[in-house]
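*Asks:* After the structure tokens below, expect a handful of questions from me.
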Amino acid sequence: MESFSVGMQSFGMTILGLLKSEDVRHALVVVVLAFAASSFVTSILRLVKLYFYDPIRISRIMAKQGVRGPPFIPIVGSAHEIGAFEKSFPESMPLEEHYGLLPTVKTQFHLFFPRFGQRFIYYRGPQVKLVSRDPQFAKEVLSLKYGFFERHPDDVAMLQNIVGLGLDNLTGEKWAIERRTLNSFFYQDVLKALVDDMVSSCECELQKWEEACRLGGAVEVSVEEDLNTISNNIIAHTAFSADREKAKEIYRTQRKYVSLLFESLDSGWYWIPGFRYLPTARNRAMTKLRARFDGLLHEVINDRKKAVKKGDSESYGTDLLGMMLAAASDSTDETAPEFNLASVFNNTKLFFFAGQDTVASALTFTLLQLARYPEWQDRARKEVLEVTADSDAFDSDAISRLKVVGMVLNETMRVYPVISSISKMATKDMQIGDLFIPKGLVMEVPLAAFNQDPEIWGEDVHKFNPERFENGVAQACTNPQAFMPFAIGPKSCIGKDFAMMEAKIVIAMVLRRFQLSISPNYKHHPCHSLLTKPKYGLQLIMSRRS
Ligand code: HEM
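Last residue of the sequence shown: number 534 in the numbering used here, and the count goes up by one each step with no gaps.
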């Protein structure tokens, strides 16, 4: 042992001696410079491959199979043409053209289907995207029969700051473990127990509207903001038992982040390699917002853990957060396969977004349609009054009997799908139907385009007609699988029943109390901001029902 340490000492002395020699120092500088140069060259080659070689290679493979698209413009892709077209739209579009959702929400479908036929490719940054009008093709992709699809790394990076690396961004074994763990919160008997909490979480905002009506008769209300607050209250309360003010701040911070992200995407700068890491004013603001957002979520989780540690609480509780903490191991390793504390954080982040903005979007457009079509407003209200007798004391049985409300919701999600497309990247070469799909090609499933297809919905496709859902989705169209507001397949929405229950409760509570019509100040301009949103909010005239 002694001889070993003497040996090590003499080795150290030799190295020190060498470092003092001028020649060796020069040699070291040369090695470091060579290493830096080779890393630089490797990075450049990687960028060239990502932004030039791969898109050109993939588009050639698709062109050989007769699938064409707009010209390839490196880095910005098709953003310029799409952006220019979007900007040509007036602030306020005619309401009669409610079916004209595609031009502003999915401009690429509106522009390229007529130009290139039933399927086309276009470019988004380094991604080559294939859009096919064939619902069977969509089914193959979403059913993940081949297990060969996942989100493009760029999309994961973009969404990670908003929804974390939770269920939505996972695949494979880790996804399966997390999905199994989270599923238990969405069992029917658990959901049934949430009805009262959903009602009380909605009550507060509706009282605000009632107060305004009491003072002013018929009043204008900016409904979108308040619906966001309602769904924020509901997810924060039912899933996290979170403090209302904290939940509001989480929502505000997240929303501001999304709006800056979309500014960056729309400007085209986002796609310039490395740009998102530069300390520009916008990037710094986004980093700050993300840190605040993450900090607030950690507070929600830590408060619960502390309460149990201090003995204030015997268990973590029965809400979603409680269930997750009870199931989690202590590890914080995001890459570990098991459900752990990193999974708790990531899924808390995911559910605050997925459980809130989605339902708020569906509710906003449903109230728009009810205000626009008084006959459906009356019919839905009549049903609500029959089913709920004369109080807001709903139970899950009453909610399941709200058939007309369900039809109106479905038809609204057809016309204004909350999620207008779903993108999945092929991780291997494969064959789907007659098409060879090269690794790296991104399939964009055009939900919004399916919903506007006369071959699927018939000649009245552009009419708002909830009647078509009278006998369920199967009878509403020629290909029921083409209607997938919550997606299909293993990665379809885990919160579908939660969302439908919440939406029905809120609509029933609104219809019981208020008469709705559209304000002359409303500017109709549906847009895409991760989800489908009214660009300038939704202003309705509300009056208290006598
Ligand atoms: C009207 C409301 C909603 C709509 C239209 C909707 C739609 C969707 C769609 C289309 C997907 C698939 C996305 C993709 O594959 O890229 C999805 C996934 C998901 N949704 Fe929803 N959603 C809604 C409400 C909710 C609610 C209320 C929750 C939670 C409380 C929720 C949680 C999730 C989660 C966790 C996933 C990822 C599932 C997985 O990857 O296994 N969603 N949703």
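Beta carbons: idealized from backbone N, C-alpha and C, even for Gly. These figures come from a predicted structure and were not determined experimentally.
(1) Near GLN115, which residues of its chain fall below 6 Å by C-beta distance, leaving aside the five closest residues on each side in sequence?
(2) For ASN328, name the three-state secondary structure that DSSP assigns.
(3) Leaving out five residues before and five after GLU138 in sequence, what residues of the same chain have Cβ atoms less than 7 Å from its Cβ?
(4) Using only the alpha-carbon positions, how far apart do ALA224 and ASN335 sit?
(5) Which residue spans inside the segment 389 to 463 form an unbroken alpha helix (DSSP H) run of at least 4?
(6) Give me, in chain order, the residues of the same chain whose beta-carbon lies closer than 7 Å to that of THR520; leave out the 5 immediate sequence neighbours on both sides.
(7) From LEU397 to PHE457, what does the alpha carbon distance come to, in whole angstroms?
(8) Is it the case that the Cβ atoms of GLU432 and LEU35 are separated by a distance below 8 Å?
(9) Let me know the secondary structure DSSP gives GLN106 once reduced to three states.
(10) What did DSSP end up calling PHE522 once you bin it into helix, strand or coil?
(11) What's the C-alpha gap between GLN242 and LEU153?
(12) Which word fits PHE23, buried or exposed, when buried means at least 16 other C-beta atoms lie within 10 angstroms of its C-beta?
(13) Confirm, please, whether the CB-CB distance from PHE174 to ASP485 is below 8 Å.
(14) So GLY113 and GLY65 are supposed to be a Cβ contact under 8 Å. How far apart are they, rounded?
(15) Using the Cα positions of ARG45 and PHE60, report the straight-line distance between them to the nearest angstrom.
(16) What do you reckon, are the CB atoms on ILE150 and TYR41 nearer than 8 Å?
(17) Examine ligand 1 and report whether any of its heavy atoms sits within less than 7 Å of the Cβ of CYS190.
(18) If you follow the beta strand (DSSP E) that SER210 is part of, which residue opens it and which one closes it?
(19) So what does DSSP say about ILE44, is it helix, strand or coil?
(20) Once the 5 residues before and after GLY394 are set aside, which same chain residues still bring their CB inside 8 Å of it?
(21) Please state if the CB of GLU322 and the CB of ILE165 are separated by a distance shorter than 8 Å.
(22) What does a CB cutoff of less than 6 Å around ASN538 pick up in its chain, not counting 5 residues either side in sequence?
(23) Find out if the Cβ-Cβ distance for the pair LEU194, MET530 is shorter than 8 Å.
(24) Got a sec: does ligand 1 put a non-hydrogen atom nearer than 7 Å to the Cβ of PHE542?
(25) Between the alpha carbons of TRP364 and LEU182, how many angstroms are there, rounded?
(26) DSSP state of VAL116, grouped into three classes?
(27) Across which residues does DSSP place TYR258 in a beta bridge pair?
(28) Quick one: measure Cβ to Cβ for GLN53 and LEU504, integer angstroms, because I've assumed they're closer than 8 Å.
(29) ARG532 by DSSP, collapsed to three states: which one?
(30) Along the beta strand (DSSP E) that carries LEU130, what are the first and last residues, could you check?
(31) Inspect the CB distances between the segment 287 to 305 and the segment 260 to 271 and report whether three or more fall short of 8 Å.
(32) Quick one: is CYS201 buried, meaning 16 or more other Cβ sit within 10 Å of its Cβ, or exposed?
(33) Going by beta carbon distance, what residues of the same chain come within less than 8 Å of LEU544, once the five residues before and after it are set aside?
(34) Can you give the beta carbon distance from GLY477 to LEU130, rounded, assuming they're within the 8 Å contact cut?
(35) Under 7 Å: does the beta carbon of VAL178 sit that close to some heavy atom of ligand 1?
(36) Using 10 angstroms around the beta-carbon of PHE28, count the other beta-carbons present and answer buried if the total reaches 16, otherwise exposed.
*Replies:* Looking at the coordinates:
(1) HIS140, VAL430
(2) strand
(3) THR159, LYS412, MET413, THR415
(4) 13 Å
(5) 391 to 403, 435 to 438, 442 to 445
(6) VAL93, SER349, TYR404, PRO405, VAL406, SER408, PRO514
(7) A straight-line Cα-Cα distance of about 10 Å links LEU397 and PHE457.
(8) One thing to note: GLU432 has its Cβ no nearer than 8 Å to the Cβ of LEU35.
(9) coil
(10) The sequence shown places Pro at residue 522, not Phe. Correct three-state label for PRO522: strand.
(11) 16 Å
(12) exposed
(13) yes
(14) 6 Å
(15) Cα-Cα distance, rounded: 11 Å.
(16) no
(17) no
(18) 207 to 210
(19) ILE44 carries a helical assignment under DSSP once its states are collapsed to helix, strand and coil.
(20) PHE457, MET488, LYS492
(21) no
(22) Only positions -11 to 534 of the chain appear in this structure, which leaves residue 538 out of reach.
(23) no
(24) Beyond the ends of the chain as shown, which are -11 and 534, falls residue 542; an answer cannot be given.
(25) 28 Å
(26) strand
(27) None; TYR258 has no bridge partner.
(28) Rounded, the Cβ-Cβ distance is 50 Å, inconsistent with contact.
(29) Note: ARG532 maps to strand in three-state DSSP.
(30) Segment 123 to 130 is the alpha helix (DSSP H) holding LEU130; no beta strand (DSSP E) there.
(31) no
(32) So CYS201 ends up on the buried side.
(33) With the chain covering only -11 through 534, there is no way to say anything about residue 544.
(34) 4 Å
(35) No, Cβ of VAL178 sits at least 7 Å from all heavy atoms of ligand 1.
(36) Looking at its Cβ environment, which holds fewer than 16 other Cβ atoms inside 10 Å, PHE28 is exposed.
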